[in-house]
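Participant: Quick mapping for you: the protein sequence lines, in order, are chains Y and C.
Using our numbering, the first residue of the first sequence is number 12, and each one after it goes up by one.
Using our numbering, the first residue of the second sequence is number 613, and each one after it goes up by one.
Virtual Cβ for every residue (Gly too), placed ideally from N, Cα, C.
Have a look at this one.
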Amino acid sequence: MSAAASYARRATLFAGFVFLYAPIVILAVMSFNASRLVSVWGGFSTKWYAALLDNEQLLHSAKISLAAAFVSATIATLLGLLAAVALARFGGFRTRLLFFGAVHAPLVLPEVVLGLALLTCFVALGVGRGFVTLVIGHVTLTMCFTTVAILAALRDCDPTLEEAAMDLGATPPEAFLRVALPRIAPAIVTAFLLAFTLSLDDLVIASFATGPGATTLPMRIYSQVRLGVSPQINAISTLLLALVAVALGLAAAVSYWRGSRK
Amino acid sequence: MSPRRRLSLGQRLVIAAPYLWIAAFFLAPMLLVAKISVSQSVLARPPYRPIFMFSDSLAELWAKAQDFTLDSYRALVSDTLYLESYLSSLTIAAVATLITLIVAFPFALAMARAPERLRPILIGLAVAPFWTSFLIRVYAWIALLKDEGLINNALMALGLISAPLQMYATSGAVVVGIVYSYLPFMLLPIYAALERQDASLREAAADLGASPAQVFLRVTLPLSREGVIAGSLLVFIPAVGEFVIPDLLGGSETLMIGRTLWNDFFSNHDWPAASAAAIALVALLMVPLLLWERARLKEEGGR
């Protein structure tokens, strides 16, 4: 490849990554700014982080968000696994098309529409809104993502291996649990993490599905942000970003380590 | 397709849980929205009628069914707020998709042509922001785009402008927000399509006398078509129904249907109007998907 092409490639990559990361980095830097103003650097300070610890509302919402993300990701991963098994291994059963379409529909449905549908349903049933309805909303939202992630792994996983296990006397559940499941385990973990982060981040479905007692962290952030940029929001955002960065770094390290052992 | 068959008892047990969940919390609510969209708006809770009861006799059901109306759909066509929201959603999403494509293509090309051992790291770095909070990434742009924000400050310090540019709270800011948030969705399919390409095809074209520009236009670009189409749909479809980005970065005059729907539902409590708008939005988004599916089937049939 010519030297000019190589320079152009490096410049493009550099510009691309600056575009992707600059806003996030600036946000993190601003969270240590002693001044309230974006445009003025008032010196290094961790006071906005200290203020977070006194903000009971925000901490309470963070707990609710984490709990909802954990519970809904667990349910969505289990349901997604069952749905993926049905779609990948049961052949062309009746109503498969309806099942396939309904499982995938939330992927392309605007969140506002799904949220509105869930809320009208809860109201029609006379269900009080709170933590339970929040989890129901998030499972419905994230289940399509877990199904797609697990389905892709199951399709790459040769079904003849399971058939061989059954020929050797294993029952279908045994064959699945002992042959296919270990091989799709990484996809199941990915599906869980995907559902967890989607639930933790969701504003729209939560606003429709939850009630007064269970305000989520994105809802608090959103109502603050509407009033303008606030240093405390910068601080909590930076904490969340750092959490994700650590998790991704660990995941990358683990996969690198496993790759180098092979 | 394999023949349709009945499932065994064990298989039915496996499928029961996801099926019931989808039926109860997705299909039933969507049917309810369809029903509310033809109901009348009233001042009550729930704010629409008719309301059917299990205890209703057939005659009562029939009498109540007389209350159904297409008024909400008529309002969609006659009310300029809705029409403008749909048109402006489509325009903003289309412009943003085009810009995302222009930004993502060279980026994906540079990654696909990078040394092979670097590619997993580059793609990992490009996708990593997708795992961080969407809300926070959109929020981060407010500090950049505001009148007293960083971009305006930098431009003024450089003496390029004398007064701050109004960037925040405009449709342009919404486009920037969409491009930024959805870039990975465009990047990945294009990268996948470019990385699959056989380098010998480009060499063959060059050997036969094609200039680098010709190689790009007649070999690289046509062969990445599928990635470009998939990426564009992955950006365009969610962008049309987007709520968070227009609400945080857009101005009061930035109409997008997701936002109009939200306001109708929460602020105006006009559930039938919001439901009709939701149904129309779903129908609108089905069009590009069906066209894509048809083109795909045709291509597969032609092979």
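Which complete alpha helix (DSSP H) runs does the stretch 71 to 100 of chain Y hold, if anything under 4 residues is left out?
Facilitator: none
Participant: Check the DSSP bridge columns for residue 917/C and list the partner residues they point to.
Facilitator: No answer is possible for residue 917/C: it lies beyond the span of chain C, which begins at 613 and ends at 915.
Participant: So which residues on chain C does residue 35/Y lean against when the C-beta distance must stay under 9 Å?
Facilitator: 741, 744, 748, 749 and 752
Participant: How would you call residue 910/C, buried or exposed, if buried means at least 16 neighbouring beta carbons within 10 angstroms?
Facilitator: exposed
Participant: What residues of chain Y sit near residue 828/C, judged by a beta carbon separation below 7 Å?
Facilitator: Ordered by position in chain Y, no residue passes the 7 Å Cβ test against residue 828/C, which lies about 11 Å from the chain.
Participant: How far does the alpha helix (DSSP H) with residue 724/C in it reach, from first residue to last?
Facilitator: That run of the alpha helix (DSSP H) goes 692 to 724.
Participant: Please confirm whether residue 69/Y and residue 247/Y have their CB atoms less than 8 Å apart.
Facilitator: yes
Participant: According to DSSP, is residue 187/Y part of a helix, a strand, or is it coil?
Facilitator: helix
Participant: So, at 6 Å on beta carbons, what are the nonlocal neighbours of residue 223/Y in its own chain, with the 5 sequence-adjacent residues on each side left out?
Facilitator: none
Participant: Taking C-beta pairs closer than 7 Å, name the residues in chain C that residue 216/Y reaches, listed in chain order.
Facilitator: Within chain C, no residue has its CB atom less than 7 Å from the CB of residue 216/Y, the nearest being about 11 Å off.
Participant: Considering Cα atoms alone, identify which of 822/C, 754/C, 853/C and 683/C is closest to residue 882/C.
Facilitator: 683/C
Participant: Between 61/Y, 60/Y and 42/Y, which has its C-alpha nearest residue 6/Y's C-alpha?
Facilitator: Because chain Y spans 12 through 273 in this model, residue 6/Y falls outside it and cannot be assessed.
Participant: So, residue 897/C versus residue 852/C, is the Cβ gap smaller than 8 Å?
Facilitator: Yes, they are a contact pair.
Participant: Cα separation between residue 67/Y and residue 96/Y?
Facilitator: 43 Å
Participant: In chain order, what residues of the same chain have a beta carbon less than 6 Å from the beta carbon of residue 40/Y, not counting five sequence neighbours either side?
Facilitator: Hits under 6 Å: none found.
Participant: Using Cβ-Cβ distances below 7 Å, what residues of the stretch 634 to 645 of chain C are close to chain Y?
Facilitator: 634, 637, 638, 639, 640, 641, 642, 644 and 645
Participant: May I ask you to report which of helix, strand or coil DSSP gives residue 200/Y?
Facilitator: helix
Participant: Buried or exposed for residue 74/Y, going by 16 or more other Cβ atoms inside 10 Å?
Facilitator: exposed
Participant: Show which residues of chain Y have a CB atom less than 7 Å away from the CB atom of residue 765/C.
Facilitator: 50
Participant: Alpha carbon to alpha carbon, what distance is there between residue 768/C and residue 242/Y?
Facilitator: 24 Å
Participant: Taking residue 733/C as part of the alpha helix (DSSP H), name the residues at either end of that continuous run.
Facilitator: 731 to 743
Participant: Give the interface partners of residue 110/Y over in chain C, defined as CB-CB distance under 7 Å, in chain order.
Facilitator: 631
Participant: Closer than 8 Å, CB to CB, is residue 723/C near chain Y or not?
Facilitator: So yes, residue 723/C belongs to the interface.
Participant: When you compare only the Cα positions, how much space is there between residue 840/C and residue 194/Y?
Facilitator: 32 Å
Participant: Which bits of chain Y does residue 718/C rub up against, with CB to CB less than 7 Å?
Facilitator: 23
Participant: What in chain C is Cβ-close to residue 41/Y, meaning under 8 Å?
Facilitator: Within chain C, the residues near residue 41/Y are 755.
Participant: Looking at C-alpha atoms only, which residue of 828/C, 801/C and 665/C is the closest neighbour of residue 847/C?
Facilitator: 801/C
Participant: Please list, in chain order, the residues of the stretch 70 to 92 of chain Y that have any C-beta partner in chain C closer than 8 Å.
Facilitator: 89, 90 and 91
Participant: Rounded to whole angstroms, what's the CA-CA distance from residue 55/Y to residue 64/Y? Just pull it up for me.
Facilitator: 19 Å
Participant: Per DSSP, which one or two residues make a beta bridge with residue 55/Y?
Facilitator: For residue 55/Y, which the question treats as bridged, DSSP gives the partners 44/Y.
Participant: Give me the DSSP bridge partner(s) of residue 848/C.
Facilitator: Paired residue(s): none; residue 848/C is not in a bridge.
Participant: Compare the Cα-Cα distances from residue 157/Y to each of 235/Y, 138/Y, 93/Y and 57/Y and report the closest residue.
Facilitator: 93/Y
Participant: Among 255/Y, 115/Y, 19/Y and 187/Y, which one has its Cα closest to the Cα of residue 160/Y?
Facilitator: 115/Y
Participant: If you run the structure through DSSP and keep just helix, strand and coil, what is residue 25/Y?
Facilitator: Here residue 25/Y sits in helix by DSSP.
Participant: Of all the options 202/Y, 138/Y, 240/Y and 197/Y, which has the alpha carbon lying nearest to the alpha carbon of residue 90/Y?
Facilitator: It is 202/Y whose Cα lies nearest to the Cα of residue 90/Y.
Participant: Determine the burial state of residue 729/C: buried for a count of at least 16 other Cβ atoms within 10 Å of its Cβ, exposed for fewer.
Facilitator: Classification of residue 729/C: exposed, given that the 10 Å Cβ count is below 16.
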